[in-house]
Amino acid sequence: MSHGPGGVSLVEASLAGAATAVEEARPGPAGRAAVGATLQPTLAELSRPGRGGGKVPHPPKDALDGIPADARRVSPLALPELNEPEVVRHLVNLSHLNYSVDTGFYPLGSCTMKYNPKVNEWAARLAGFAGLHPLAPDALAQGTLELMHELQGALAEIGGMHAVTLQPAAGAQGELTGILMIRAYHRARGDTERSQVIVPDSSHGTNPATASMAGYETLTVRSASDGGVDLEALRSALGPRTAAVMLTNPSTLGLFERRIEALLEVVHDAGALAYMDGANMNAVLGRFRPGDAGFDVMHFNLHKTFSTPHGGGGPGAGPVACVERLAPYLPGPLVIRDPDGRYRLERSDERPTAIGRVRAYQGNVGVLVRAYAYIRAHGGTGLREVSADAVLAANYLRERVGTAYELPYGGPCKHEFVASARNLRAASGVRTLDVAKRLIDHGFHPPTIYFPLIVEEGLLIEPTETETLETLDAFAEAMLAIAREAHDDPQRVLAAPTTAPVRRLDEASAARRPELRWRPMVGRETPCPT
Amino acid sequence: MSYGPHTADDRDRMLAALGIGSVEALFEDIPAPMRSAGLELPPPMAELDLARRMSELAGRNRVDLASFLGAGVYRHYIPAAVDEILSRGEFYTAYTPYQPEISQGTLQTIYEYQSLIAELTRLGVVSASHYDGATATAEAALMAIRATGRDRILASRAIHRHYLDATRTYLDRGSLHLEELPTTVDGTTDLDALERALGDRQHPVAGVLLGQPNLFGLLEPMGAAAELAHAAGALFVAVVEPVSLAVLAAPGEYGADIAAGEGQPLGIAPQYGGPYLGLLASTEALMRQVPGRLVGETRDLDGRRAFVMTLRAREQDIRREKAASNICTNQALCALAATVYLATIGPHGLRDVAAMGAARARELEGALAAAGAARVHGAAYLNEFAIRVPDAERVHARLLEQDVLAGLPLGRWYPDDDTLRDALLVCATEVTTSEEIARFAAALREVLR
Numbered sequence: 000m001s002h003g004p005g006g007v008s009l010v011e012a013s014l015a016g017a018a019t020a021v022e023e024a025r026p027g028p029a030g031r032a033a034v035g036a037t038l039q040p041t042l043a044e045l046s047r048p049g050r051g052g053g054k055v056p057h058p059p060k061d062a063l064d065g066i067p068a069d070a071r072r073v074s075p076l077a078l079p080e081l082n083e084p085e086v087v088r089h090l091v092n093l094s095h096l097n098y099s100v101d102t103g104f105y106p107l108g109s110c111t112m113k114y115n116p117k118v119n120e121w122a123a124r125l126a127g128f129a130g131l132h133p134l135a136p137d138a139l140a141q142g143t144l145e146l147m148h149e150l151q152g153a154l155a156e157i158g159g160m161h162a163v164t165l166q167p168a169a170g171a172q173g174e175l176t177g178i179l180m181i182r183a184y185h186r187a188r189g190d191t192e193r194s195q196v197i198v199p200d201s202s203h204g205t206n207p208a209t210a211s212m213a214g215y216e217t218l219t220v221r222s223a224s225d226g227g228v229d230l231e232a233l234r235s236a237l238g239p240r241t242a243a244v245m246l247t248n249p250s251t252l253g254l255f256e257r258r259i260e261a262l263l264e265v266v267h268d269a270g271a272l273a274y275m276d277g278a279n280m281n282a283v284l285g286r287f288r289p290g291d292a293g294f295d296v297m298h299f300n301l302h303k304t305f306s307t308p309h310g311g312g313g314p315g316a317g318p319v320a321c322v323e324r325l326a327p328y329l330p331g332p333l334v335i336r337d338p339d340g341r342y343r344l345e346r347s348d349e350r351p352t353a354i355g356r357v358r359a360y361q362g363n364v365g366v367l368v369r370a371y372a373y374i375r376a377h378g379g380t381g382l383r384e385v386s387a388d389a390v391l392a393a394n395y396l397r398e399r400v401g402t403a404y405e406l407p408y409g410g411p412c413k414h415e416f417v418a419s420a421r422n423l424r425a426a427s428g429v430r431t432l433d434v435a436k437r438l439i440d441h442g443f444h445p446p447t448i449y450f451p452l453i454v455e456e457g458l459l460i461e462p463t464e465t466e467t468l469e470t471l472d473a474f475a476e477a478m479l480a481i482a483r484e485a486h487d488d489p490q491r492v493l494a495a496p497t498t499a500p501v502r503r504l505d506e507a508s509a510a511r512r513p514e515l516r517w518r519p520m521v522g523r524e525t526p527c528p529t
Numbered sequence: 000m001s002y003g004p005h006t007a008d009d010r011d012r013m014l015a016a017l018g019i020g021s022v023e024a025l026f027e028d029i030p031a032p033m034r035s036a037g038l039e040l041p042p043p044m045a046e047l048d049l050a051r052r053m054s055e056l057a058g059r060n061r062v063d064l065a066s067f068l069g070a071g072v073y074r075h076y077i078p079a080a081v082d083e084i085l086s087r088g089e090f091y092t093a094y095t096p097y098q099p100e101i102s103q104g105t106l107q108t109i110y111e112y113q114s115l116i117a118e119l120t121r122l123g124v125v126s127a128s129h130y131d132g133a134t135a136t137a138e139a140a141l142m143a144i145r146a147t148g149r150d151r152i153l154a155s156r157a158i159h160r161h162y163l164d165a166t167r168t169y170l171d172r173g174s175l176h177l178e179e180l181p182t183t184v185d186g187t188t189d190l191d192a193l194e195r196a197l198g199d200r201q202h203p204v205a206g207v208l209l210g211q212p213n214l215f216g217l218l219e220p221m222g223a224a225a226e227l228a229h230a231a232g233a234l235f236v237a238v239v240e241p242v243s244l245a246v247l248a249a250p251g252e253y254g255a256d257i258a259a260g261e262g263q264p265l266g267i268a269p270q271y272g273g274p275y276l277g278l279l280a281s282t283e284a285l286m287r288q289v290p291g292r293l294v295g296e297t298r299d300l301d302g303r304r305a306f307v308m309t310l311r312a313r314e315q316d317i318r319r320e321k322a323a324s325n326i327c328t329n330q331a332l333c334a335l336a337a338t339v340y341l342a343t344i345g346p347h348g349l350r351d352v353a354a355m356g357a358a359r360a361r362e363l364e365g366a367l368a369a370a371g372a373a374r375v376h377g378a379a380y381l382n383e384f385a386i387r388v389p390d391a392e393r394v395h396a397r398l399l400e401q402d403v404l405a406g407l408p409l410g411r412w413y414p415d416d417d418t419l420r421d422a423l424l425v426c427a428t429e430v431t432t433s434e435e436i437a438r439f440a441a442a443l444r445e446v447l448r
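Each protein sequence line maps, in turn, to chains A and B. All letters in the first sequence, in the order written, are residues 0 to 529 by numbering that gives the first Met the number 0. All letters in the second sequence, in the order written, are residues 0 to 448 by numbering that gives the first Met the number 0.
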């Protein structure tokens, strides 16, 4: 291999110096600060007229002569003017203000913040993948098409499903895709009176929002005391108007839905279809396949289960897998392998039953490349080991955290568990939010808090399979220490964080008087330097 | 290869703490008939073998042709600093900034992104990103529907086909209507047809969508279209290409209420379709209709300036079925790419990129005309235009044999339009060289002979 991932470019080498300009960090109780400490000015404040340039050659003076006057920009283009070294230093210093998987433990429930392998980043940047135009003829795209075809097959195998589209850009878009496919299915059967989608009260907010976006009315059913969906509540909500039921399994409480057989049976008896939110697939890789259980359609979150990085909020990818009777409605184009071994994109006239596109082109392919690499690295046996280690770590941490926090639901949990600070609040006035903020002072990213909505003072904790036992123990110790602090010195917890670059923020006035950009628009146009 | 750190001893200690002998005990809650014994997937690979496999697949793609293919995705020079910053784990391995105290890096860069796009578009409110140009366009149409309480969208047929397809999918709930506006012989949207469609008082219009430049690369009469839309009480949505805004009138200048578009040209590689960057900006009057995340400035308890996600009551995790959209995960890292790109290229550099593309396109037009292929349309263009050749698919295939990617045969997207059956949509940018243009022209002359 001529250009291995270990190769350091001149650019990287020259920037290493900038990266070592570490700010003075304020250590927390655990002896380390979660992030750097120095706030930064904005790009606009750093701008000085006359700086920058030199990235591209100057065009000829008459380059724009063909543009009619009334189509031209009149406003000055008041973008900041900066030299590259300032831009790089600014952004590197800003990066130090971020907590990340690469810098620490990120037990954010429902988000599966596992390690993001570096070879996957390297692979996605290979010129053959990165430089390929999305409308390039199939003959030029055989490598990526083969990868996508193989990934379609691997996800179908993992989900126990018949067919897969890689097009959806994120989990929420996968949900929309699946619900639109379900509607197309009902419509094709002349079953047009189904106007409702049922979701449990523990569901992700995207589920009811998706139902609304697809034009459905949402019905919410309560959970039973064991955390699972209440079978009787579901049965009475179901009817001839039900189009679909959206379930998350394992649930957002980190529990496997023990009544899943009965639940899916009543769904199908009502003529509705079962959608599975696959956000929590990390718990059951190689152990439970939604298609085998009777789910009709599901999405995967490649940025959770298959380790593609979250990017500070995105991009992700939300491929959708379905059983055979829904396959006619998958959005096109799918990737097809012809009998001669060549790969190609499906033509729009090959499957006229397909729902329309949900986005342009073929999907977040750069994300698909990373997920493919992850699946190939692990193989079938490795993915089964992933779920084993993720579930073992969660149960171990649950056991340890449970010595000081309430555990509202019985075990075992799957890849995540819910704890509650309800008892702590009653005894000390310290709420879940305060525990979360105090974890920052202990050097950790807080878990997901106040979700699912049905848990009072809830903390949803997901350790993933890539954290060492030492890290799990250190986090448990921090949680226990905070519980002690809440009793001994609650003010300390209520004031947290004190070691982060900023203290708690005034979110109310941010929403009351939104300041969403540099105001007034800054910078001023200066004459072109040449 | 595994990324899990647990030794056999680690696992034993955890199992002992749980009082169980095997991890399988933790999966007994899965009903036995549905328990899966394993997956039929290839065996694990060592990193070396995986790296070989990935290199081999990447090598099977061809990205070395002289390419004149644009149609919504454009090759541009990406300053080396962009990928350097994007490769920082502190940025790309962070989650959505729900804990603002330890996410100021992401939050401030999103705020800077919003500010930069606000300046480019001259619209005050910019969402923290959508999936791509198609979904940003669809969300813009839905915004117009929410804001006006009307249910009818008019969109020029000269908007990118995939954007129109996605918008149709997003509007397909029985009660919403999308109608395409025809184009005139010069390739721009037919304003008489727009006026007639807006005149239907029985069915008032929520939003009018035009592309600038449109899919054919042509400059639309945006100001006139916006006036017509507003006179009928409709919102005007501009579907824009961001680099062009360095030289073309900004949506805020011609009265657009919403701008949507594909941010890929701002420092993002083509990657066979994504991840890209859905641009969505609006006037401040529409602030509470904007779907997706917004970051605002605020203060901490000690009065320090800081940034935080704001106006959260629009979002799915708070409002559930009443949210403005179901979007959660967005394209934040791509917004960071655009931020680094704009900060390093600067205002003069961005104008140079746009103007150099225009200059190269004029050079291309001249060379192709001399080779026997004239433009299809009469309207002014920036850096992309359609040429007429007999049997466009055959010409396209023949040129491919010569390692020239001769743009997009428009007949694929407009099969029912006789005027586009023999058209190739070609583009040039600042990375297009005179040598490539000469190769294209020479090969074309040969094919047409």
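Don't be surprised by glycine CBs; every beta carbon is placed ideally from N, CA and C.
Item                                                                                                                                                            : Value
How about the segment 322-334 of chain B and the segment 189-208 of chain A: do they share at least three Cβ pairs that are nearer than 8 Å?                    : yes
With respect to the alpha helix (DSSP H) encompassing Arg359/B, which residues constitute its N-terminal and C-terminal limits?                                 : Ala331 to Ala369
Counting only runs of 4+ residues fully inside the segment 272-334 of chain A, write out the alpha helix (DSSP H) ranges in chain order.                        : 289-292
Is any beta-carbon of chain B found at less than 9 Å from that of Met180/A?                                                                                     : no
Given a limit of 8 Å on CB to CB distance, which residues of the segment 66-96 of chain B reach chain A?                                                        : Ser66, Leu68, Ala70, Gly71, Val72, Arg74, Tyr76, Pro78, Ala79, Ala80, Asp82, Glu83, Ile84, Ser86, Arg87, Gly88, Glu89, Phe90, Tyr91, Thr92, Ala93, Tyr94, Thr95 and Pro96
Would you say Cys321/A reaches chain B, if we count a Cβ-Cβ gap shorter than 9 Å as a contact?                                                                  : no
Kindly indicate which three-state DSSP category Gly206/B falls into: helix, strand or coil?                                                                     : strand
Does the distance from the C-beta atom of Leu424/B to that of Pro414/B stay below 9 Å?                                                                          : no
Let me see if you follow: with CB-CB separation under 9 Å, is Leu40/B close to chain A or not?                                                                  : yes
Counting only beta-carbon separations shorter than 9 Å, does His298/A have a partner in chain B?                                                                : no
Nearest by alpha-carbon distance to Leu244/B: which of Gly371/B, Pro264/B, Arg420/B and Leu49/B is it?                                                          : Pro264/B
With distance defined between alpha-carbon atoms, name the residue in Ala509/A, Trp517/A and Gly35/A nearest to Thr309/B.                                       : Ala509/A
Would you kindly work out how many angstroms separate the C-alpha atoms of Ser306/A and Leu154/A, rounded to a whole number?                                    : 14 Å
Does the CB of Leu381/B have a neighbour CB from chain A at under 9 Å?                                                                                          : yes
Would you identify the three-state DSSP class for Thr182/B, choosing helix, strand or coil?                                                                     : strand
At least one CB of chain A closer than 9 Å to the CB of Asp9/B: is that the case?                                                                               : yes
At a CB-CB cut-off below 7 Å, which residues of chain B make contact with Met112/A?                                                                             : Tyr94
Going by beta carbon distance, what residues of the same chain come within less than 7 Å of Ala269/A, once the five residues before and after it are set aside? : Leu237, Gly238 and Thr241
Nearest-angstrom Cα distance between Val429/A and Ala420/A?                                                                                                     : 8 Å
Could you list the residues in the segment 17-30 of chain B with a C-beta less than 7 Å from some C-beta on chain A, going in chain order?                      : Leu17, Val22, Leu25, Phe26, Asp28, Ile29 and Pro30
Answer yes or no: does any C-beta atom of chain B fall closer than 9 Å to that of Asp339/A?                                                                     : no
Buried or exposed: Pro67/A, going by 16 or more other Cβ atoms within 10 Å of its Cβ?                                                                           : exposed
Excluding sequence positions up to five away, which residues of its chain have a Cβ less than 7 Å from the Cβ of Gln107/B?                                      : Phe306
Only counting the same chain, and skipping five residues up and downstream in sequence, which positions put a Cβ closer than 8 Å to that of Ala213/A?           : Leu175, Ile178, Leu179, Arg182 and Val196
Would a check of beta-carbon distances place Phe104/A closer than 9 Å to chain B?                                                                               : no
Looking only at C-alpha atoms, which of Gly293/A, Lys413/A, Ile439/A and Gly378/A sits nearest to Asp48/B?                                                      : Gly378/A
List, in order along the chain, the chain B residues whose C-beta lies closer than 7 Å to that of Gly52/A?                                                      : Gly345, His347 and Gly348
Met212/A versus chain B: which residues are under 7 Å apart at the beta carbon?                                                                                 : Ser324 and Asn325
Bridge partners of Val239/B, per DSSP?                                                                                                                          : Gln211/B and Gly260/B
Measure the C-alpha to C-alpha separation of Gln201/B and Ala146/B and round it to an integer number of angstroms.                                              : 19 Å
Between Tyr110/B and chain A, is the shortest Cβ-Cβ distance under 9 Å, so that the two count as touching?                                                      : yes
Got a sec: does the ligand NAP put a non-hydrogen atom nearer than 8 Å to the Cβ of Tyr97/B?                                                                    : This structure lacks the ligand NAP; in fact it carries no ligand of any kind.
With three or more C-beta pairs closer than 8 Å as the rule, is the segment 36-43 of chain A touching the segment 77-93 of chain A?                             : yes
Between which two residues does the beta strand (DSSP E) harbouring Gln195/A extend?                                                                            : Gln195 to Pro199
Closer than 8 Å, Cβ to Cβ, to anything on chain B: give me those residues from the segment 281-295 of chain A, in chain order.                                  : Val283, Leu284, Gly285, Arg286, Phe287, Arg288, Asp291 and Ala292
So, is the C-beta of Asp190/A closer than 9 Å to a C-beta in chain B?                                                                                           : no
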